[in-house]
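Chemist: Quick one: this structure, given as structure tokens, is what I'll be asking you about.
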């Protein structure tokens, strides 16, 4: 089983302050599209951040305290919510994904195929974009190592994700990049709306 943390906070500044989780691509909101990953992962899902979109039954919801602390604070809030859920089984792996990635569910499914084969010294898996970028916010992490990385930081609010992941041991999966990409600008949104049925 793999739990799922969906980072749905952020102010969407380059989108005029729009709620990214509520943006529609291919007739469905980005939150709906990302949560498509949950059944295939088999664990508990939590949505982190104040969003206007309803969170489905069976999915947890939380907000970092105080809000707008950035993605690392969101990851910590999500992990805390998962750990405190009464009766929930703590999956050994946790997927972390930003809500603004229209094809995140497909990308996570590709990573899921590798989890059972990962050697013990690997802490996390992510896609390696053809242009060389690593998708930290579309990754699967060993739960205990993610918690260790969070505890290793001087703070989690307003800190770059690269500081969280710097000392983790990664398995990077090469990809053609078709399922990678996010929505930061109106042009990004138009691009994904055009290419997604």
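Numbering (the numbering used here), first residue to last: 382 to 578.
Glycine is no exception: its CB is placed at the ideal position from the N, C-alpha and C atoms.
Please read all numbers here as calculations on a predicted model, not as lab measurements.
For the alpha helix (DSSP H) that residue 574 lies in, which residues bound it at each end?
Modeler: Along the chain shown, read from residue 1 onward, the residue named residue 574 stands at position 193. 567-576 is the span of the alpha helix (DSSP H), which, as asked, contains residue 574.
Chemist: Using the beta-carbon count (16 or more within 10 Å), is residue 428 buried or exposed?
Modeler: On the chain shown, position 47 is the one that residue 428 refers to. So residue 428 counts as buried.
Chemist: Quick one: residues in its chain with C-beta nearer than 6 Å to the C-beta of residue 454, no 5 flanking neighbours on either side, listed in chain order?
Modeler: Stepping through the chain shown from its first residue, residue 454 is reached at position 73. 445, 537 and 538, listed in sequence order.
Chemist: By the DSSP assignment, the beta strand (DSSP E) with residue 521 in it spans what residues?
Modeler: The residue labelled residue 521 in the question sits at position 140 within the chain shown. Note, residue 521: beta strand (DSSP E), 515-523.
Chemist: Could you tell me the boundaries of the alpha helix (DSSP H) in which residue 418 lies?
Modeler: Residue 418 sits at position 37 when you count from the first residue of the chain shown. Residue 418 -> alpha helix (DSSP H) spans 418-422.
Chemist: Measuring only the C-alpha atoms, how far is residue 475 from residue 575?
Modeler: One-based indexing of the chain shown puts residue 475 at position 94. One-based indexing of the chain shown puts residue 575 at position 194. Rounded to whole angstroms, residue 475 to residue 575 spans 31 Å at the Cα level.
Chemist: Counting pairs of Cβ atoms below 8 Å between the region 524-543 and the region 489-496, do you hit three or more?
Modeler: Touching, no.
Chemist: By the three-class DSSP mapping on this structure, what secondary structure does residue 493 have?
Modeler: As a working note, residue 493 is residue 112 in the chain shown. Correct three-state label for residue 493: helix.
Chemist: When you compare only the Cα positions, how much space is there between residue 568 and residue 413?
Modeler: Residue 568 sits at position 187 when you count from the first residue of the chain shown. Residue 413 sits at position 32 when you count from the first residue of the chain shown. So the alpha carbons of these two residues sit roughly 21 Å apart.
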